[in-house]
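S.K.: In the order they appear, the protein sequences are chains W and P.
The opening position of the first sequence corresponds to residue 1 in my numbering, with each subsequent residue numbered one higher.
The opening position of the second sequence corresponds to residue 1001 in my numbering, with each subsequent residue numbered one higher.
C-beta atoms are modelled at their ideal positions from N, C-alpha and C, and glycine is treated no differently.
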Amino acid sequence: MTNAPVIETNGLGKSYGKTNAVRDLDLTVGPDRITAFLGLNGAGKSTTIRMLLGMVKPSGGSGAVLGKSIGDPAAGLDVRRQVAYVSEDKRLYAYMTVEQMIRFTSSFYLDWRADVVKTLLKQYDLPPGQKIRSLSKGMRTKVALLLAFARRPELLILDEPSEGLDPVGIEDLLQALVAQCAEGTTVFFSSHQIAEVERVADQVCILHHGRLVLDASVDDIRQSYRQIDIVFPSLPAELQVQFQLAGVENIRTRGHQMNVFASRNADAVVERARDLHASSIEVTPVGLRDIFLQKVKEN
Amino acid sequence: MLWYKSWLETRSRFMISLLGSVALCSFYVYHWDKEAMPYTKPEYYYYGLHGGHSLLCVLWVLTVTLLTMGGLLRERAAGTAPFTLALPVSRMRLMATRVSVGVLQAMALVIFPWSAMFLIGGLTGKTHSMYQAFFHIVLLAGGGIVFFGVAFLISSLVEGEYTAPIVSFGILLVVGVVLGNGSLRGYSPWDFIAGADYFDRTTGLLIGPIPWMHIVVSILLGALFVAISAKAIQTRDF
């Protein structure tokens, strides 16, 4: 097993007229882990995924999936053989039945697992003879997930996979993602559901206005990100400069209180606060939700 | 399995088109023959069959245009393009399958209604010559490829489930009007598929040799439109 990145982009960009959907994106997704791609609606997540799969041509930069260039159509065919993808809309052919959809899709892949199809049809309670057009959005999502999970791909890309699913469906999905990863599939999924991401992801990338504003492992986030609330007897404006240390992402002041948001180096901030005779110092770990909001507001 | 997808995608439209064309053309010829018997001359029946062919030409162009509407742009409008494009097949192969299925269906929409008209003519007492039937079929099947190509091109350039057929019909109408009169008439694909240039009003038959060169040019023109469509789809973002 190699540690070569499964997805790698260098300065990848896409613009539509004057609008930059994705800007100068340097993204690396490691193998055998679950990487979440977080961002607000319109952040550029789907465009990035579509560039990786050859559906959208990049305006600039380069990228590779499973070591194959995304700009090469012939390599793209190879990539698509090894990648399972669930699109944002989860739209499937309305004129086919669930069974026809499964038969059609299975014909393209050598790694198809009929036993998994059987199990998932039962688990998801899908009616094989029913036309896709008559299924609810949640059921359609389940068919799309079944078509992806029925394979043993090297890379599983899911664009907002939980959209349209009920809580039970979301729970099943998250468990399935973990199971896929345990079987050796790299999972890359986009979402704006932070709670889901926090539960299953090993790595988190946050995209905002087409730019990558965070790329960190969930463990690193848990260990390094801290909110430090400091109270001073008096808080002159120039004191803020004293806290502009490495790792400090944001400083806010209100009255005698200063809130420092640090991605690392929290100890140095605490020490500086003590040196400056802070009357109270409180250090709290930061959740992914706070980091996400911080990054989005900051940018 | 792409064939299977293409077939399922167009099956309803194709069957309705086929049954409708067979029924309308058969009814036209049957009705004409019934009215004409027993005192009319043979050319009267030939007029009837040629009239049936003219009706078939209009139906064929309309139905083939509707059948050709599809492909990745329509899939984008329907939201299924990401699924299709994630399959390990090239855009070229997707298009080639669509063209092949489309051409086969277009040919069936010439041959079956004509066979029905030929049969009805025979059953009602007047058999048309095989050569005349063949002449008509070749004109429509060969010359009609231009219409197929135009519709295919429009479906690859214009997005929207209804916009593309409306634009296609608009273009066909303009072509009919602009090339339908005066010195440009010889270039009208409508007149060509209907056999207007080869129709002898005194005998009610198509005369002269089958215009193979003209048919080849029509097929090449249709192929050119399909090639332009392929280029457009290859470079498009989905």
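Between residue 231 of chain W and residue 292 of chain W, what straight-line distance do the alpha-carbon atoms span, to the nearest angstrom?
M.R.: Mapped onto the first sequence, residue 231 of chain W falls at position 231. Mapped onto the first sequence, residue 292 of chain W falls at position 292. The straight-line gap from Cα to Cα measures roughly 25 Å.
S.K.: With three or more C-beta pairs closer than 8 Å as the rule, is the segment 1073-1086 of chain P touching the segment 76-96 of chain W?
M.R.: yes
S.K.: Between W/163, W/101 and W/206, which lies nearest to residue 1001 of chain P when the distance is taken from Cα to Cα?
M.R.: The sequence position of residue 1001 of chain P within the second sequence is 1, counting from 1. Residue W/101 is the option with its Cα nearest to residue 1001 of chain P.
S.K.: Taking the alpha-carbon of residue 1009 of chain P as reference, which of W/195, W/273, W/132 and W/177 has the nearest alpha-carbon?
M.R.: In the second sequence, residue 1009 of chain P corresponds to position 9, counting from 1. Residue 1009 of chain P has its Cα closest to that of W/132, out of W/195, W/273, W/132 and W/177.
S.K.: Classify residue 1137 of chain P as buried or exposed, calling it buried when 16 or more other Cβ atoms lie within 10 Å of its own Cβ.
M.R.: In the second sequence, the residue the question calls residue 1137 of chain P occupies position 137. Counting Cβ neighbours within 10 Å, residue 1137 of chain P comes out buried, since at least 16 surround it.
S.K.: Compile a chain-ordered list of the residues in the segment 87-98 of chain W whose CB is closer than 9 Å to at least one CB of chain P.
M.R.: 87, 88, 89, 90, 91, 92, 93, 94, 95 and 96
S.K.: Got a sec: which bits of the segment 39-60 of chain W sit with their beta carbon under 8 Å from any beta carbon on chain P, in order along the chain?
M.R.: 50, 53, 54, 55, 56 and 57
S.K.: With 16 as the cutoff for other CB atoms within 10 Å, does residue 252 of chain W come out buried or exposed?
M.R.: By 1-based counting over the first sequence, the position of residue 252 of chain W is 252. Exposed, because fewer than 16 other Cβ atoms sit within 10 Å of the Cβ of residue 252 of chain W.
S.K.: Could one say the Cβ of residue 1004 of chain P lies closer than 8 Å to chain W's Cβ atoms, at least one of them?
M.R.: Indexing the second sequence from 1 puts residue 1004 of chain P at position 4. So, interface residue.
S.K.: How long is the line joining the alpha carbons of residue 1065 of chain P and residue 1169 of chain P, rounded to whole angstroms?
M.R.: For the purposes of this step, residue 1065 of chain P is identified with residue 65 of the second sequence, where counting begins at 1. For the purposes of this step, residue 1169 of chain P is identified with residue 169 of the second sequence, where counting begins at 1. Rounded to the nearest whole angstrom, the CA to CA distance from residue 1065 of chain P to residue 1169 of chain P is 8 Å.
S.K.: Please give me, in chain order, every unbroken run of the beta strand (DSSP E) with length at least 3 that falls completely inside the segment 237-266 of chain W.
M.R.: You should have 248-254 and 257-262.
S.K.: Pick out whichever of P/1007, P/1051, P/1230 and P/1201 has its Cα sitting closest to the Cα of residue 1248 of chain P.
M.R.: Not covered by the structure: residue 1248 of chain P. The range shown for chain P is 1001 to 1238.
S.K.: Smallest Cα separation from residue 198 of chain W: which of W/233, W/141 and W/217?
M.R.: In the first sequence, counting from the first residue as 1, residue 198 of chain W sits at position 198. Measuring from the Cα of residue 198 of chain W, the nearest candidate turns out to be W/217.
S.K.: What's the call for residue 16 of chain W, buried or exposed, on a 16-neighbour Cβ count within 10 Å?
M.R.: The residue given as residue 16 of chain W occupies position 16 in the first sequence. It counts as exposed.
S.K.: Which residues, in chain order, does the segment 1045-1079 of chain P contribute to contact with chain W at a C-beta distance below 7 Å?
M.R.: 1078 and 1079
S.K.: Looking at the secondary structure, which residues open and close the beta strand (DSSP E) in which residue 89 of chain W lies?
M.R.: For the purposes of this step, residue 89 of chain W is identified with residue 89 of the first sequence, where counting begins at 1. Taken as a continuous stretch (DSSP letters only), residue 89 of chain W belongs to no beta strand (DSSP E), as it is neither H nor E.
S.K.: For residue 1206 of chain P versus residue 1105 of chain P, is the C-beta spacing smaller than 8 Å?
M.R.: Locating residue 1206 of chain P in the second sequence gives position 206, counting from the first residue. Locating residue 1105 of chain P in the second sequence gives position 105, counting from the first residue. No, these two residues do not count as a Cβ contact at 8 Å.
S.K.: Leaving out five residues before and five after residue 79 of chain W in sequence, what residues of the same chain have Cβ atoms less than 7 Å from its Cβ?
M.R.: By one-based count along the first sequence, residue 79 of chain W stands at place 79. The answer, listed in chain order, is 65, 66 and 68.
S.K.: For the segment 1006-1020 of chain P against the segment 1103-1117 of chain P, are there 3 or more C-beta pairs whose distance is under 8 Å?
M.R.: Because the criterion of three Cβ pairs below 8 Å is met, the segment 1006-1020 of chain P and the segment 1103-1117 of chain P touch.
S.K.: In chain order, which continuous runs of the alpha helix (DSSP H) of length 4 or greater are located wholly inside the segment 186-218 of chain W?
M.R.: For the segment 186-218 of chain W, whole alpha helix (DSSP H) runs of length 4 or above, ordered along the chain, are 194-200.
S.K.: Are there 16 or more other CB atoms within 10 angstroms of the CB of residue 1019 of chain P, so buried, or fewer, so exposed?
M.R.: Translated into positions along the second sequence, residue 1019 of chain P becomes position 19. Answer is exposed; the Cβ neighbour count stays below 16.
S.K.: What are the residues that DSSP puts in a beta bridge with residue 68 of chain W?
M.R.: Within the first sequence, numbered from 1, the residue matching residue 68 of chain W stands at position 68. W/65.
S.K.: Which chain B residues are close to residue 77 of chain W, counting only those with a beta carbon under 8 Å from its beta carbon?
M.R.: Absent from the structure is chain B; the protein chains it does hold are W and P.
S.K.: By how many angstroms is the C-alpha of residue 1053 of chain P removed from the C-alpha of residue 1177 of chain P?
M.R.: Locating residue 1177 of chain P in the second sequence gives position 177, counting from the first residue. Locating residue 1053 of chain P in the second sequence gives position 53, counting from the first residue. So the two alpha carbons sit approximately 20 Å from each other.
S.K.: Does the Cβ of residue 14 of chain W have 16 or more other Cβ atoms within 10 Å, making it buried, or fewer, making it exposed?
M.R.: Stepping through the first sequence from its first residue, residue 14 of chain W is reached at position 14. Its Cβ being crowded by 16 or more others within 10 Å, residue 14 of chain W is buried.
S.K.: Taking the alpha-carbon positions, what's the residue 44 of chain W to residue 82 of chain W distance?
M.R.: Your numbering for residue 44 of chain W matches position 44 in the first sequence. Your numbering for residue 82 of chain W matches position 82 in the first sequence. Taking the straight line from one Cα to the other gives about 24 Å.
S.K.: Taking residue 1091 of chain P as part of the alpha helix (DSSP H), name the residues at either end of that continuous run.
M.R.: As a working mapping, residue 1091 of chain P is identified with position 91 in the second sequence. Residues 1091-1123.
S.K.: Can you give me the start and stop residues for the beta strand (DSSP E) that residue 227 of chain W sits inside?
M.R.: Translated into positions along the first sequence, residue 227 of chain W becomes position 227. Residue 227 of chain W -> beta strand (DSSP E) spans 226-231.
S.K.: In this structure, what does DSSP give as the bridge partners for residue 83 of chain W?
M.R.: To locate residue 83 of chain W, count along the first sequence from 1; it is residue 83. Per DSSP, W/155.
S.K.: Run through the DSSP bridge pairs and tell me what residue 36 of chain W is partnered with.
M.R.: Looking up residue 36 of chain W in the first sequence gives position 36. In the DSSP output, where bridge partners are listed per residue, residue 36 of chain W has W/189 and W/204.
S.K.: Give me the DSSP bridge partner(s) of residue 1200 of chain P.
M.R.: For the purposes of this step, residue 1200 of chain P is taken as the residue at position 200 of the second sequence. Looking at the DSSP assignment, residue 1200 of chain P forms a beta bridge with P/1205.
S.K.: Can you tell me whether residue 1233 of chain P sits near the ligand ADP, meaning its C-beta is under 7 Å from at least one heavy atom of the ligand?
M.R.: Although the ligand ADP was asked about, the structure shown includes no ligands whatsoever.
S.K.: Is it buried or exposed, residue 4 of chain W, if we count other Cβ atoms within 10 angstroms and call 16 or more buried?
M.R.: As a working mapping, residue 4 of chain W is identified with position 4 in the first sequence. Label assigned to residue 4 of chain W: exposed.
S.K.: Smallest Cα separation from residue 308 of chain W: which of W/36, W/224 and W/135?
M.R.: Here chain W has residues from 1 to 299 only, and residue 308 of chain W is not among them.
S.K.: For the alpha helix (DSSP H) that residue 1168 of chain P lies in, which residues bound it at each end?
M.R.: Taking the first residue of the second sequence as 1, we reach residue 1168 of chain P at position 168. Looking at the DSSP string, the run of the alpha helix (DSSP H) that includes residue 1168 of chain P is 1163-1179.
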